[in-house]
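Student:
There are 2 protein chains.
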Amino acid sequence: MNPFSIPTAEDILDARRALADVAVETPLLRSDALDRLTGGSVFLKCENLQRTGAFKFRGAYNCLSRLDRAAYPGGVVAYSTGNHGQAIAMVARMLGLSATIVMPQDAPAVKIAKARAAGAQIVLYDRNRQSREEIAAEIAARAPVAVIPPGDHRHIIAGQATVTAESLQQIGAQVPHAILVPCGGGGLSAGTCLAVEAVGARSEVWAVEPEGFDDTRRSLASGTREVNAALSGSLCDALLAPLPAELPFSINRSRLAGALTASDADVLRAIRFAYEELRLVTEPGGIIALAAVLNDPARVRGKTALVIVSGGNVDPGVFKAALDLDLAPLGWAA
Amino acid sequence: MNPFSIPTAEDILDARRALADVAVETPLLRSDALDRLTGGSVFLKCENLQRTGAFKFRGAYNCLSRLDRAAYPGGVVAYSTGNHGQAIAMVARMLGLSATIVMPQDAPAVKIAKARAAGAQIVLYDRNRQSREEIAAEIAARAPVAVIPPGDHRHIIAGQATVTAESLQQIGAQVPHAILVPCGGGGLSAGTCLAVEAVGARSEVWAVEPEGFDDTRRSLASGTREVNAALSGSLCDALLAPLPAELPFSINRSRLAGALTASDADVLRAIRFAYEELRLVTEPGGIIALAAVLNDPARVRGKTALVIVSGGNVDPGVFKAALDLDLAPLGWAA
Chain S
23 MNPFSIPTAE
33 DILDARRALA
43 DVAVETPLLR
53 SDALDRLTGG
63 SVFLKCENLQ
73 RTGAFKFRGA
83 YNCLSRLDRA
93 AYPGGVVAYS
103 TGNHGQAIAM
113 VARMLGLSAT
123 IVMPQDAPAV
133 KIAKARAAGA
143 QIVLYDRNRQ
153 SREEIAAEIA
163 ARAPVAVIPP
173 GDHRHIIAGQ
183 ATVTAESLQQ
193 IGAQVPHAIL
203 VPCGGGGLSA
213 GTCLAVEAVG
223 ARSEVWAVEP
233 EGFDDTRRSL
243 ASGTREVNAA
253 LSGSLCDALL
263 APLPAELPFS
273 INRSRLAGAL
283 TASDADVLRA
293 IRFAYEELRL
303 VTEPGGIIAL
313 AAVLNDPARV
323 RGKTALVIVS
333 GGNVDPGVFK
343 AALDLDLAPL
353 GWAA
Chain P
23 MNPFSIPTAE
33 DILDARRALA
43 DVAVETPLLR
53 SDALDRLTGG
63 SVFLKCENLQ
73 RTGAFKFRGA
83 YNCLSRLDRA
93 AYPGGVVAYS
103 TGNHGQAIAM
113 VARMLGLSAT
123 IVMPQDAPAV
133 KIAKARAAGA
143 QIVLYDRNRQ
153 SREEIAAEIA
163 ARAPVAVIPP
173 GDHRHIIAGQ
183 ATVTAESLQQ
193 IGAQVPHAIL
203 VPCGGGGLSA
213 GTCLAVEAVG
223 ARSEVWAVEP
233 EGFDDTRRSL
243 ASGTREVNAA
253 LSGSLCDALL
263 APLPAELPFS
273 INRSRLAGAL
283 TASDADVLRA
293 IRFAYEELRL
303 VTEPGGIIAL
313 AAVLNDPARV
323 RGKTALVIVS
333 GGNVDPGVFK
343 AALDLDLAPL
353 GWAA
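Have a look at this one:
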């Protein structure tokens, strides 16, 4: 098995089988308010209700359950903006593996605390001065541990692909015209593209990135992986990869319909909408695809859209900022 | 059809058929943190994700879809602490009926606004000085409209019973030892008891009431319907019926295993738990059954429990109070 090769349709089926008894089959919800607002049929895939509160559980479990334990008696090390690390920590505990998680100092405190509670060793780093890849590589050089990247791995991408594979099965006959996906390093977007391809659907897949961190949008335009100017400074802490990951981008570049962006203010509005109309707790990076729909509801008018809600691990302070928004300018309240 | 007779197993099946294409089959979620905390298997039935954000949609639709329109050309009138009114307003719009909703002045503003937005006429009253039943009866005396009570109706109770009927089907072989249900007038508790009885399960059904509004607990003890001392003064606005409703109590008195209470502080903790560990937005009266579990986790140790989460229409101010709680004394954070 080459971990850097593009997952096949069979890999996605294998991942679904591996996850069948351990992952939550997360609900596909609709909202009367959202359908009224857009004039379309919008389905929300609620991966914030996944174990560990994010879709990352899927890739982590699919990857770690296939780990060659004889080759890596020291377990695994992962670098992560938070949710991937949390998923690796929990899955490692489930499977009886040791885990070390390299996390940025400015990750939400709740994510750091939970990874630690799951029994992982935590190594913190400065997002602006250190390279997480280098720290993980150093750890792997000193001991027989496998580095589990957030996107650059066939089994990770196959795991993330199950979000959309499962959604398409739940949605049945009403194949979505468009699928909107939060995008950081691009693993979830890539998995989405492959899941669509695997069933021969013709849905357009749109990546949604934070304003100022539109590396995938610019990379699609130039054809080569572009780097973000900054490494921090967005509410969407889960989506702040420095540039598109290599394997995901090799998938996304020819398959994505395009990339959209949403600002911090857009994302807070979307968190509030999800609170008010969907009764869901979502995190900024997790709800950014809904933010893109709310920014331009006409995009889905008369269409069926699948919006992937990828995570719900949000600091209370950020959630309170969404609750403090004035309702009137939100545009959906009657 | 006698609207004051106890629903049969057939009535519950009829309700499931009526709701099949219109209600959300709400997810039954689990939480790793909750199972660890209790040492049991806890399933949460998420009716906060139901249309209108509460289970009340079920009874409202089941009842209004069977309305004799020739007898009631003026449509329907309902009195409600909020969620029932909202459900009646929305269902009336779906079915092309006129609706008037009698709501207390101190109901959450969001509930009043949404009922109005759904096209209902709103009549506000003072919970401490006026009788909502009398106001509704006066309206019905002046025009050919049907009064739709929140609990005292066979079709309403049969609709609410579908929450548990559906849960038992979703849960499969693992029949719960205990089912914990938020209790105001008692319609949901009654429906739960009947749904359990209909499938011959032996689950204990426990009603959970707000501290100081334990009319069902005292009524079970005395054998006759007891009145609450106050009519307001709990965060659980959805559960402030003045006394158990007649038809529900006739069902509950011989079928409930008992009634538990939870304080405002307990309920805020449960809202925070649901935010943190389940990524769900819940309202005080909607999450009170989880509060009872968190108060006494040993109650479900080694057992399977079904906790009904009945609603998620919460004022932002109340939610912020839950977010402001210190994590440490909550007891579940590692």
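Note that the protein sequences, when read in sequence, are chains S and P.
What the first sequence shows, in the numbering used here, is residues 23 to 356, in sequence order.
What the second sequence shows, in the numbering used here, is residues 23 to 356, in sequence order.
Ideal placement from N, C-alpha and C gives every residue a C-beta, glycine not left out.
Every value quoted in this text rests on a predicted model; they were computed, and no experiment measured them.
Under a Cβ-count criterion, where at least 16 other Cβ atoms within 10 Å of its own Cβ denotes burial, should Thr246 of chain P be classed as buried or exposed?
Tutor: Its Cβ having fewer than 16 others within 10 Å, Thr246 of chain P is exposed.
Student: Mark Gly280 of chain S as exposed unless 16 or more other C-beta atoms lie within 10 angstroms of its C-beta, in which case mark it buried.
Tutor: Gly280 of chain S should be labelled exposed.
Student: Where does Gln21 of chain P sit, in a helix, a strand or coil, going by DSSP?
Tutor: Because chain P in this structure spans residues 23 to 356, residue 21 of chain P falls outside the shown range and cannot be described.
Student: Looking at C-alpha atoms only, which residue of P:Val124, P:Ala140, P:Glu248, P:Pro338 is the closest neighbour of Leu117 of chain P?
Tutor: The option with the nearest alpha carbon to Leu117 of chain P is P:Ala140.
Student: Check whether the Cβ of Tyr297 of chain P lies closer than 7 Å to any Cβ atom in chain S.
Tutor: Interface residue, yes.
Student: Which residue wins for smallest C-alpha separation from Leu56 of chain S, given the options S:Leu190, S:Phe341, S:Lys133, S:Gly324?
Tutor: Nearest of S:Leu190, S:Phe341, S:Lys133, S:Gly324 to Leu56 of chain S, Cα basis: S:Gly324.
Student: Buried or exposed for Ser378 of chain S, please, with buried defined as at least 16 other CB atoms from any protein chain shown within 10 angstroms of its CB.
Tutor: Residue numbering for chain S in the displayed model covers 23 to 356; residue 378 of chain S lies beyond these limits and cannot be assessed.
Student: Taking the beta strand (DSSP E) that Pro204 of chain P belongs to, which residues open and close that run?
Tutor: Looking at the DSSP string, the run of the beta strand (DSSP E) that includes Pro204 of chain P is 200 to 204.
Student: With 7 Å as the limit, tell me which residues of the segment 47 to 77 of chain P have their beta carbon closer than that to any beta carbon of chain S; keep them in chain order.
Tutor: Against chain S - using a Cβ distance shorter than 7 Å - the residues of the segment 47 to 77 of chain P are Pro49, Leu51, Asp54, Asn70, Leu71, Arg73, Gly75.
Student: I'd like to know if the segment 341 to 350 of chain P and the segment 84 to 92 of chain P are in contact, where contact means that at least 3 CB-CB pairs between them fall below 8 Å.
Tutor: Contact between the segment 341 to 350 of chain P and the segment 84 to 92 of chain P is absent, because fewer than three Cβ pairs lie under 8 Å.
Student: Out of curiosity, what's the CA-to-CA distance linking Asp337 of chain P and Arg301 of chain S?
Tutor: Approximately 12 Å between the Cα atoms of the pair.
Student: By the three-class DSSP mapping on this structure, what secondary structure does Asp348 of chain P have?
Tutor: DSSP places Asp348 of chain P in coil when its eight states are reduced to three.
Student: Where Glu305 of chain S and Lys67 of chain S are concerned, what is the direct C-alpha to C-alpha distance, given to the nearest angstrom?
Tutor: For Glu305 of chain S and Lys67 of chain S, the distance between alpha carbons rounds to 14 Å.
Student: Just curious, the alpha helix (DSSP H) that Gly81 of chain P is in, first and last residue?
Tutor: Where Gly81 of chain P is concerned, the enclosing alpha helix (DSSP H) stretches over 78 to 86.
Student: Could you compute how far the alpha carbon of Ile144 of chain P sits from the alpha carbon of Ser120 of chain P?
Tutor: Near 12 Å, if we compare the C-alpha coordinates of Ser120 of chain P and Ile144 of chain P.
Student: Is DSSP giving Glu233 of chain S helix, strand or coil here?
Tutor: Looking at Glu233 of chain S - three-state DSSP - the assignment turns out to be coil, as it is neither helix nor strand.
Student: Note the first and the last residue of the continuous alpha helix (DSSP H) segment covering Leu278 of chain P.
Tutor: Run containing Leu278 of chain P: none; DSSP gives neither H nor E here.
Student: Do you know offhand how far Thr184 of chain S's Cα is from Ile34 of chain S's?
Tutor: Whole-angstrom Cα-Cα distance: 6 Å.
Student: Cα-Cα, which of P:Arg277, P:Ala158, P:Glu47, P:Thr60 is closest to Ala100 of chain P?
Tutor: Closest by alpha carbon: P:Ala158.
Student: Against chain S, with Cβ distances strictly below 7 Å, would Leu117 of chain P count as a contact?
Tutor: Taking Cβ atoms only, chain S never reaches closer than 7 Å to Leu117 of chain P, which makes this a no.
Student: Since Ala65 of chain S is in the beta strand (DSSP E), which residue starts that stretch and which ends it?
Tutor: Ala is not the amino acid found at residue 65 of chain S; the sequence shown has Phe there. Run containing Phe65 of chain S: 63 to 68, per the beta strand (DSSP E) assignment.
Student: Are there 16 or more other CB atoms within 10 angstroms of the CB of Met23 of chain P, so buried, or fewer, so exposed?
Tutor: Exposed, since its Cβ has fewer than 16 Cβ neighbours within 10 Å.
Student: Please confirm whether Val340 of chain P has its beta-carbon closer than 7 Å to some beta-carbon of chain S.
Tutor: It does not: the Cβ of Val340 of chain P has no partner Cβ on chain S nearer than 7 Å.
Student: Do Gly308 of chain S and Gly339 of chain S have their beta-carbon atoms positioned less than 7 Å apart in this structure?
Tutor: No; because the gap between Cβ atoms is not below 7 Å, this pair is not in contact.
Student: Would you mind telling me which residues of chain P sit closer than 7 Å to Val303 of chain S, beta carbon to beta carbon, in chain order?
Tutor: Within 7 Å Cβ-Cβ: Tyr297, Arg301, Leu302, Val303.
Student: What first and last residue would you give for the beta strand (DSSP E) that runs through Thr246 of chain P?
Tutor: Where Thr246 of chain P is concerned, there is no enclosing beta strand (DSSP E), given that its DSSP letter is neither H nor E.
Student: Can you tell which of P:Pro49, P:Glu268, P:Leu290 has the C-alpha that lies nearest to the C-alpha of Leu349 of chain P?
Tutor: Checking every option, the nearest Cα to that of Leu349 of chain P belongs to P:Leu290.
Student: Please confirm whether Arg282 of chain P and Ala314 of chain P have their CB atoms less than 7 Å apart.
Tutor: Residue identity check: residue 282 of chain P is Leu in the sequence provided, not Arg. Against a cut-off of 7 Å, the Cβ pair of Ala314 of chain P and Leu282 of chain P comes out as a contact.
Student: Taking the alpha carbon of Asn150 of chain S as the point to measure from, which residue in S:Arg277, S:Leu328, S:Gly255, S:Lys133 has its own alpha carbon closest?
Tutor: Among S:Arg277, S:Leu328, S:Gly255, S:Lys133, the Cα nearest to that of Asn150 of chain S belongs to S:Gly255.
Student: Can the beta-carbon of Gly111 of chain P be found less than 7 Å from the beta-carbon of Ala142 of chain P?
Tutor: The question names Gly, but residue 111 of chain P is Ala in the sequence shown. It is a contact, given that the beta carbons lie within the stated cut-off.
Student: What does the alpha-carbon distance come out to for the pair Leu265 of chain P and Ile201 of chain P?
Tutor: Their backbone Cα atoms lie some 22 Å apart in a straight line.
Student: What are the boundary residues of the alpha helix (DSSP H) that Leu117 of chain S is part of?
Tutor: 105 to 117 is the span of the alpha helix (DSSP H), which, as asked, contains Leu117 of chain S.
Student: What separation, rounded to the nearest whole angstrom, lies between the Cα atoms of Leu51 of chain S and Pro232 of chain P?
Tutor: Whole-angstrom Cα-Cα distance: 30 Å.
Student: Find the residues of chain S that neighbour Gly334 of chain P, judging by a C-beta separation of less than 8 Å, and give them in chain order.
Tutor: Chain S residues near Gly334 of chain P: Arg301.
Student: Have a look at Leu41 of chain S and His199 of chain S and give me their C-alpha separation to the nearest angstrom.
Tutor: Distance between the alpha carbons of Leu41 of chain S and His199 of chain S is about 27 Å.
Student: In the segment 120 to 197 of chain P, which residue ranges form an unbroken alpha helix (DSSP H) of at least 4 residues, counting only runs that do not cross its ends?
Tutor: Here the runs fully enclosed are 131 to 139, 154 to 164, 176 to 193.
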